[in-house]
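Going by UniProt numbering, the sequence shown runs without a break in its numbering and finishes at 93.
Here's the structure we're looking at; comments come further down.
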Amino acid sequence: MRITFVKKVLVDGNPCAKCRDVEEKLRENNQLELMDQIVIADERDADSAGMQLARKHEVSRAPFFLVEEPGQVPRVYTVYFKFVKEVLRPLSP
1 MRITFVKKVL VDGNPCAKCR DVEEKLRENN QLELMDQIVI ADERDADSAG MQLARKHEVS
61 RAPFFLVEEP GQVPRVYTVY FKFVKEVLRP LSP
């Protein structure tokens, strides 16, 4: 399984507040280390990696998580708590 965390940088160069909050929750719960990749969706650059992923997966909210498993359609989560319940919690021993 590959997990990508996509967070947004606003036009003014600041991180979005929700993205900052979710990243802090990930850090506090030692979940940030479970992310395989952190990608920035930069509103100042429509071709940034995160903006490309958002378009490809038709996501209009940030932050979001992209969960990819071999042979399966990628799953997108825009709600942190649902992502934790369905993806991260089953990974915990």
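For glycine and all other residues, C-beta sits at the position ideal for the given N, C-alpha and C.
(message) With a threshold of 7 Å (Cβ to nearest heavy atom), would arginine 75 be considered close to the ligand HEM?
(response) Absent from the structure shown: the ligand HEM. Ligands present: none.
(request) Buried or exposed for proline 63, please, with buried defined as at least 16 other CB atoms from any protein chain shown within 10 angstroms of its CB. (result) buried
(request) Helix, strand or coil for glutamate 86, going by three-state DSSP, please let me know. (result) helix
(message) Rounding to the nearest angstrom, what Cα-Cα distance links lysine 7 and valine 84 in this structure?
(response) Their backbone Cα atoms lie some 16 Å apart in a straight line.
(request) Check whether the Cβ atoms of valine 39 and threonine 4 lie closer than 8 Å to each other. (result) yes
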